[in-house]
Amino acid sequence: MLTRPLELAGAFTFEGHRLCYTQFGTGDRVVVLAHGLMFTRRMHAPLARTLAADGFRVITVDLLGHGDSDRPRESWQYSIPAFGDQVLALLDHLDVRAAVVGGTSLGANVALEVAVRAPERLRGIVVEMPVLDNAIVAGLLAFTPLLFAARFVPFGVRAVARLAALVPHGSQWVDVVTDTLEQQPPALAALLHGVFFGRIAPPRSVRRRIEVPALVIGHERDPVHPFGDADTLAADLAAAEFVQARSPVELRFDPQRLTGTILDFLRRCHPA
Numbered sequence: 001m002l003t004r005p006l007e008l009a010g011a012f013t014f015e016g017h018r019l020c021y022t023q024f025g026t027g028d029r030v031v032v033l034a035h036g037l038m039f040t041r042r043m044h045a046p047l048a049r050t051l052a053a054d055g056f057r058v059i060t061v062d063l064l065g066h067g068d069s070d071r072p073r074e075s076w077q078y079s080i081p082a083f084g085d086q087v088l089a090l091l092d093h094l095d096v097r098a099a100v101v102g103g104t105s106l107g108a109n110v111a112l113e114v115a116v117r118a119p120e121r122l123r124g125i126v127v128e129m130p131v132l133d134n135a136i137v138a139g140l141l142a143f144t145p146l147l148f149a150a151r152f153v154p155f156g157v158r159a160v161a162r163l164a165a166l167v168p169h170g171s172q173w174v175d176v177v178t179d180t181l182e183q184q185p186p187a188l189a190a191l192l193h194g195v196f197f198g199r200i201a202p203p204r205s206v207r208r209r210i211e212v213p214a215l216v217i218g219h220e221r222d223p224v225h226p227f228g229d230a231d232t233l234a235a236d237l238a239a240a241e242f243v244q245a246r247s248p249v250e251l252r253f254d255p256q257r258l259t260g261t262i263l264d265f266l267r268r269c270h271p272a
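Once you know that position 36 of the sequence shown is 36 in the working numbering, the rest is easy, because the numbers rise by one and skip nothing.
Written out as structure tokens, the structure reads:
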């Protein structure tokens, strides 16, 4: 009988804040997965279990302001570079010398930051749906109303959170959605302000100096994660492979093809 790899939740303190994570599997071939903006580490649990079943030790993390991690109310606490530092602190906490770091959307940008700040700590990066130059306007249009609501209509955000808390847990993607909706206005406003008015990603001139192996995943028909950003990023990186997803949710709801591509990349980054 096949058994599910070991799953252990943990937490550590970095710069005075509690950050939470889950480990799937064991071993020296380590992969860290970072979530999208306002999502939690739960979004990567299915992928993490599949990778762990193949022999990888996978760590999913709630970045500051997300999930079970602390949610300070000061916008200066939040930025993509700060999230990159949190991933590096996680590696230090777990005594991991080098890992593959991957992420989706915000998490993809965090992986790029780690590649710039500490390439010696990386075996590779997996960048799904990066948010780069072509996405800034669409991202602001998409999230500015939410920032406005969190600042000036907080009772609406609290009402949505209360409704989300009433939804029974137990279904992977229902839980992902309810986790995302369970927000508190002051922390949410600080998070969105800090992310969108800070450095979204390393500039192109800096990205071109990234030499670690990279797998870039992009798709069409999504203005917040435009195909052009992913395609251009793959061309800019020195050692990148590009794969086009059929849709923004292929890896979530029809994962076999992309999961196979990710596994192949990880096996090359982490030879057994």
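Backbone N, C-alpha and C define an ideal beta-carbon position, used for all residues, glycine too.
In this text the structure is predicted, and so the values were computed from the model without any measurement.
Cα-Cα separation, residue i to residue j
{"i": "Thr-180", "j": "Met-38", "result": "6 Å"}
{"i": "Arg-204", "j": "His-66", "result": "28 Å"}
{"i": "Gln-172", "j": "His-17", "result": "27 Å"}
{"i": "Ile-200", "j": "Leu-215", "result": "20 Å"}
{"i": "Pro-272", "j": "Asp-54", "result": "First, the amino acid is wrong: residue 272 is Ala here, not Pro. Rounded to whole angstroms, Ala-272 to Asp-54 spans 11 Å at the Cα level."}
{"i": "Val-249", "j": "Val-167", "result": "22 Å"}
{"i": "Ala-150", "j": "Arg-252", "result": "28 Å"}
{"i": "His-270", "j": "Val-153", "result": "48 Å"}
{"i": "Phe-155", "j": "Phe-148", "result": "12 Å"}
{"i": "Thr-13", "j": "Arg-49", "result": "25 Å"}
{"i": "Gln-256", "j": "Asp-264", "result": "12 Å"}
{"i": "Val-195", "j": "Pro-5", "result": "34 Å"}
{"i": "Gly-198", "j": "Gly-107", "result": "15 Å"}
{"i": "Glu-7", "j": "Leu-94", "result": "15 Å"}
{"i": "Val-193", "j": "Val-96", "result": "Here residue 193 turns out to be His, not Val, going by the sequence shown. Straight-line Cα distance between these residues: approximately 32 Å."}
{"i": "Gly-260", "j": "Val-58", "result": "16 Å"}
{"i": "Leu-19", "j": "Ala-240", "result": "30 Å"}
{"i": "Leu-112", "j": "Pro-213", "result": "11 Å"}
{"i": "Pro-226", "j": "Ser-247", "result": "12 Å"}
{"i": "Ala-273", "j": "Asp-92", "result": "Within the shown structure, residues of the chain are numbered from 1 to 272, placing residue 273 beyond reach of any answer."}
{"i": "Leu-51", "j": "Arg-268", "result": "14 Å"}
{"i": "Val-31", "j": "Phe-242", "result": "19 Å"}
{"i": "Gln-77", "j": "Pro-46", "result": "30 Å"}
{"i": "Leu-266", "j": "Val-177", "result": "28 Å"}
{"i": "Ile-262", "j": "Glu-15", "result": "33 Å"}
For residue i, the residue or residues it bridges with in DSSP
{"i": "Ala-99", "result": "Leu-122"}
{"i": "Glu-128", "result": "Thr-104 and Ile-217"}
{"i": "Gly-25", "result": "Paired residue(s): none; Gly-25 is not in a bridge."}
{"i": "His-17", "result": "Phe-14"}
{"i": "Ala-9", "result": "Thr-22"}
{"i": "Val-30", "result": "Arg-57"}
Cβ-heavy atom distance, residue i to the ligand NAP, below 7 Å
{"i": "Phe-152", "result": "Absence of the ligand NAP from the depicted structure is noted, as is the absence of any ligand whatsoever, leaving it without description."}
Sequence-distant residues of the same chain with beta carbon closer than 7 Å to residue i, five excluded per side
{"i": "Ala-165", "result": "Glu-182"}
{"i": "His-44", "result": "Leu-33, His-35 and Thr-60"}
{"i": "Ala-98", "result": "Arg-121, Leu-122 and Arg-123"}
{"i": "Gln-244", "result": "Gly-218 and His-219"}
{"i": "Arg-208", "result": "Asp-236"}
Proximal residues to residue i (C-beta, below 6 Å), its chain only, five neighbours per side dropped
{"i": "Phe-83", "result": "Leu-63 and Val-110"}
{"i": "Ala-9", "result": "Thr-22"}
{"i": "Thr-104", "result": "Gly-36, Glu-128 and Met-129"}
{"i": "Val-224", "result": "Ala-135, Ala-138, Gly-139 and Ala-142"}
{"i": "Leu-132", "result": "Ala-201 and Asp-229"}
Sequence-distant residues of its chain with Cβ nearer than 8 Å to residue i (five each side left out)
{"i": "Asp-175", "result": "Arg-42 and His-169"}
{"i": "Val-114", "result": "Gly-84, Val-87, Leu-88, Val-101, Arg-121, Leu-122 and Ile-125"}
Given 8 Å, three or more beta-carbon pairs between the region 203-221 and the region 153-160: no
Can at least three beta-carbon pairs, one atom from the region 230-237 and one from the region 14-29, be found at a separation below 8 Å? They do not touch, by the three-pair rule.
Determine, using beta-carbon pairs with one atom in the region 63-79 and one in the region 177-191, whether at least three such pairs fall under 8 Å. yes
Counting only runs of 4+ residues fully inside the region 46-106, write out the alpha helix (DSSP H) ranges in chain order. 80-93
Which runs of the alpha helix (DSSP H) spanning at least 4 residues fall entirely within the region 194-252, listed in chain order? 204-207 and 227-236
Contact between the region 117-131 and the region 143-155 is defined here as three or more beta-carbon pairs at a separation below 8 Å; is this criterion met? no
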